[in-house]
Amino acid sequence: MKIGVVRELSPAESRVALTPGAVYEITRRGHEVLVELGAGLESGIPDEEYSAAGARILGDAAAVWNESEIMVKVSGPVPEEHGLLREDMILFGFLSLAVNPSLVRALIESRCRAFALEMIQDDRGRLPVLTPMSEIAGRLVPQIGAHYLQRPSGGRGILLGGSTGVQPGRVVVLGAGIVGTGAARVASGLGADVTVLDRDIDRLRQLEGLRLRGVRTLVAGGMSIREAVLGADLVVGAVLVVGARTPALVDRDTVREMRSGAVIVDVDVDHGGCVETSRPTTLDDPVFVEEDVIHYCVKNVPATVPITATQALSNALLPYVLGVADRGLVGALNSDAGLRRGAAIVEGRVVSPPLAEACGAEHYRLSSVLPMHAEAR
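Counted the way the working numbering counts, the sequence shown spans residues 5 to 381.
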């Protein structure tokens with residue numbers, strides 16, 4: 005099969021979907037990889053490395069789209085790319101469809117077969133492609149928050165680790181998943197006073213088991229969230245509902261009552277964000293001030309470190325690309341239940357139950373759209 009890799013057009017998106025190492029593994033299995041000229045430069049990958057790995061370099065993105073049977077992207081197609089989608093194409097990417105109605109329409113109209121990387125699950129319910137990006141984001145956000153808490157950056161003038169005889173800064177993390185746990189770990193290492201809230205007691209118990217210094221856990225509820233946020237210097241939003249829009253757990257009134265110069269880093273803003281005042285920003289213009297609180301709401305935080313993020317993403321994505329290329333789409337779906345869960349829109353029909361609910365669209369069973377054997381239905 006022909007697999008395509010293009011330069012990402014989303015604002016300040018510096019990652020690329022596959023590394024030369026992944027290209028080598030694909031081409032040695034007899035498949036062809038087409039790479040747009042310059043696609044990997046912002047991730048520190050020159051075209052020569054792709055060529056040496058067996059890729060064919062094309063100077064025009066449209067040519068890559070037109071020739072490819074599988075298109076592998078980081079972010080979902082932007083409006084300029086919608087017209088390049090077609091019926092016989094398989095698309096992989098972080099699609100964020102619950103908050104992207106124009107892309108939903110484009111995917112339905114094109115009748116391509118779209119898989120959302122953030123929805124692919126393994127047999128234990130984990131998110132193997134999203135997880136490395138979440139790990140990176142979780143490790144970055146306390147550093148980001150610490151930067152914007154400094155007075156020259158507009159913040160309160162707080163050092164998260166405090167000083168001898170001085171209380172440390174207070175960090176509140178909403179969500180104890182991969183992002184939240186990573187944020188708690190790094191904030192703890194910085195010496196901050198950290199509170200992590202989640203509705204899942206098992207997650208909180210796992211976090212408690214790490215015995216991180218200065219980290220406490222609370223069951224999330226309307227009152228506990230409000231009280232914690234009002235006392236915070238830094239709030240990290242790390243909430244994810246797979247395939248659906250993120251609920252707003254912090255309302256505008258609560259933000260209005262926060263300390264002047266406090267910072268909110270809402271990681272999952274690409275799915276709506278868990279703070280009512282959040283709105284997506286980019287790495288070129290990452291923050292805004294709302295209710296006298298600094299908001300950092302970048303949709304693609306891992307793109308801050310594209311060399312690391314690209315390598316991690318490519319490692320996680322490669323098995324799924326090879327599975328489809330080697331077995332064909334139906335064969336891969338029959339053998340991989342996790343890949344089936346990543347199916348979002350196939351041949352003009354919404355096949356993801358949470359996406360259908362989020363978009364108010366009719367839901368179709370994947371097995372009613374593609375011919376699959378009984379065990380996969």
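Note that beta-carbon positions come from the ideal geometry of N, C-alpha and C, so glycine has one too.
Outcome for residue i when other beta-carbon atoms lying within 10 angstroms are tallied against a minimum of 16
{"i": "residue 201", "result": "buried"}
{"i": "residue 205", "result": "exposed"}
{"i": "residue 217", "result": "exposed"}
{"i": "residue 101", "result": "buried"}
{"i": "residue 293", "result": "exposed"}
{"i": "residue 136", "result": "buried"}
{"i": "residue 227", "result": "exposed"}
Assigned secondary structure, residue i (DSSP; H/G/I helix, E/B strand, else coil)
{"i": "residue 282", "result": "coil"}
{"i": "residue 75", "result": "strand"}
{"i": "residue 383", "result": "Nothing about residue 383 can be read from this structure; the chain reaches only from 5 to 381."}
{"i": "residue 255", "result": "coil"}
{"i": "residue 361", "result": "helix"}
{"i": "residue 167", "result": "strand"}
{"i": "residue 241", "result": "strand"}
{"i": "residue 90", "result": "coil"}
{"i": "residue 268", "result": "strand"}
{"i": "residue 11", "result": "coil"}
{"i": "residue 178", "result": "strand"}
{"i": "residue 206", "result": "helix"}
{"i": "residue 199", "result": "strand"}
6 Å CB neighbourhood of residue i in its chain, flanking five on each side removed
{"i": "residue 358", "result": "247, 248"}
{"i": "residue 238", "result": "149, 175, 267"}
{"i": "residue 296", "result": "264"}
{"i": "residue 379", "result": "Because the pLDDT of residue 379 is 44, which lies under 50, any placement of that residue in the model is unreliable, and the number read from its coordinates should be weighed accordingly. Correct list: empty, nothing qualifies."}
{"i": "residue 306", "result": "137, 140, 141, 313"}
Nearest to residue i (by Cα), restricted to the options the options
{"i": "residue 231", "options": "210, 253, 216", "result": "253"}
{"i": "residue 122", "options": "15, 47, 182", "result": "182"}
{"i": "residue 346", "options": "190, 324, 207", "result": "324"}
{"i": "residue 222", "options": "214, 199, 333", "result": "199"}
{"i": "residue 93", "options": "312, 171, 8", "result": "8"}
{"i": "residue 81", "options": "104, 373, 164", "result": "104"}
{"i": "residue 138", "options": "339, 355, 317", "result": "317"}
{"i": "residue 147", "options": "125, 189, 243, 114", "result": "189"}
{"i": "residue 5", "options": "36, 98, 124", "result": "36"}
{"i": "residue 210", "options": "10, 125, 225, 179", "result": "179"}
{"i": "residue 153", "options": "15, 119, 208, 300", "result": "300"}
{"i": "residue 329", "options": "95, 78, 79, 255", "result": "95"}
{"i": "residue 257", "options": "234, 241, 271", "result": "234"}
{"i": "residue 365", "options": "108, 65, 135, 66", "result": "108"}
{"i": "residue 34", "options": "17, 369, 59, 228", "result": "59"}
Span separating the alpha-carbon of residue i from that of residue j
{"i": "residue 348", "j": "residue 167", "result": "50 Å"}
{"i": "residue 158", "j": "residue 284", "result": "19 Å"}
{"i": "residue 367", "j": "residue 373", "result": "11 Å"}
{"i": "residue 278", "j": "residue 52", "result": "42 Å"}
{"i": "residue 259", "j": "residue 132", "result": "34 Å"}
{"i": "residue 197", "j": "residue 341", "result": "41 Å"}
{"i": "residue 381", "j": "residue 89", "result": "Reliability fails at residue 381, whose pLDDT of 41 lies under 50, so the model's placement of it is uncertain and the value that follows must be treated cautiously. Roughly 27 Å between the two C-alpha positions."}
{"i": "residue 57", "j": "residue 344", "result": "30 Å"}
{"i": "residue 363", "j": "residue 120", "result": "15 Å"}
Own chain, CB closer than 7 Å to residue i, minus 5 neighbours either side, in chain order
{"i": "residue 312", "result": "140"}
{"i": "residue 194", "result": "146, 150, 164, 165"}
{"i": "residue 112", "result": "349, 352"}
{"i": "residue 11", "result": "40, 42, 43, 65"}
{"i": "residue 212", "result": "221"}
Residues near residue i in its chain [Cβ-Cβ closer than 8 Å; skip 5 each side]
{"i": "residue 245", "result": "251, 275, 358"}
{"i": "residue 15", "result": "286, 287, 288"}
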